[in-house]
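Here the structure comes first, spelled out in structure tokens, and everything after it is commentary.
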Amino acid sequence: MEMKSKIISLVLLGSIFVGGVQANAATIDSSNNARRVTVSRPNRPSRPVNGSTSTVTKPSTGESTDNNSTVDNNATVNEKFMAEVEQAIYNKVNEERAKAGVPALSYNTTMEKYARIKSQDMGDKNYFSHTDLNGNYITTQMKADGVTYNAWGENIAYIGGITDPTALANQFMTNWMNSEGHKKNILSTNFDSIGVGVYKIGNKVYATQEFYK
Numbered sequence: 001m002e003m004k005s006k007i008i009s010l011v012l013l014g015s016i017f018v019g020g021v022q023a024n025a026a027t028i029d030s031s032n033n034a035r036r037v038t039v040s041r042p043n044r045p046s047r048p049v050n051g052s053t054s055t056v057t058k059p060s061t062g063e064s065t066d067n068n069s070t071v072d073n074n075a076t077v078n079e080k081f082m083a084e085v086e087q088a089i090y091n092k093v094n095e096e097r098a099k100a101g102v103p104a105l106s107y108n109t110t111m112e113k114y115a116r117i118k119s120q121d122m123g124d125k126n127y128f129s130h131t132d133l134n135g136n137y138i139t140t141q142m143k144a145d146g147v148t149y150n151a152w153g154e155n156i157a158y159i160g161g162i163t164d165p166t167a168l169a170n171q172f173m174t175n176w177m178n179s180e181g182h183k184k185n186i187l188s189t190n191f192d193s194i195g196v197g198v199y200k201i202g203n204k205v206y207a208t209q210e211f212y213k
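Right, dumping it as structure tokens:
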């Protein structure tokens with residue numbers, strides 16, 4: 001099957017403009033009420049759907065338990081697949097940073113949440129851009145949630161035609177590392193943590209990296 005892919009990078013470093021058509025600038029939200037994100041070792045909490053935990057609907061009258069079991073099994077397989085891709089991408093990021101002689105990024109579960117939201121939004125609404133269909137970056141939702149940052153960056157991509165999690169993660173990273181803007185985000189010392197979100201819809205897989213400090 002033919003592999004199709006596309007990638008875009010974005011970086012916001014405080015209020016500094018980073019040149020190029022794939023970069024934009026933003027002002028740091030320094031509100032006293034802003035909530036700082038928590039950074040932790042990588043783990044795989046339940047995948048959020050628009051910020052909440054996904055669930056499988058119980059069978060209604062007339063539906064068989066076997067059918068629901070099939071749906072549940074498919075959802076579990078998809079979540080396992082996406083979590084494996086996320087973990088592999090995170091590992092590859094730090095492999096590349098080690099090669100470049102820069103510190104590893106810790107895993108940020110709050111940024112993972114927004115990365116997953118971003119990937120799912122693009123997949124479900126069939127667009128590919130750092131801004132959603134309302135013209136907002138994911139930072140709009142972050143700020144609404146009280147999340148502030150000193151530096152933030154985002155890489156997005158989608159690929160179709162690869163079903164192996166490791167091969168898929170490797171291809172995402174190869175595409176990003178072969179693009180100067182994405183590579184700069186991955187190797188930047190302006191960030192100290194990262195969250196990764198992957199979403200599979202049909203034969204297409206969307207991936208988002210949210211870099212943070």
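Note that UniProt numbering has the sequence shown beginning at 1, numbered continuously upward. Yeah, the Cβ is synthetic: ideal placement off N, Cα and C, and Gly gets one too. Note that the structure is predicted; figures quoted are calculated from it, not measured.
Paired residues, beta bridge with residue i - DSSP
i, result
"N178", "DSSP output for N178 lists no bridge partner at all."
"S193", "S106 and Y212"
"V85", "In DSSP, V85 forms no bridge with anything."
"V198", "A207"
Residue i vs residue j beta-carbon contact at 9 Å
i, j, result
"V93", "V198", "no"
"F172", "A115", "no"
"K204", "G135", "no"
"V102", "S179", "no"
"N175", "F211", "no"
"D132", "D145", "no"
"L168", "A88", "yes"
"A151", "K213", "yes"
Residue i - DSSP class collapsed to helix/strand/coil
i, result
"G160", "strand"
"R36", "Note on R36: pLDDT 40, under 50, position unreliable in the model; the coordinate value appears next. Coil, per DSSP."
"A207", "strand"
"N134", "coil"
"N91", "helix"
"G123", "helix"
"F172", "helix"
*Count the C-beta pairs between the region 99 to 118 and the region 179 to 196 that are closer than 8 Å, then say yes if the count reaches three, no if not.*
Flag = yes, the region 99 to 118 and the region 179 to 196 touch.
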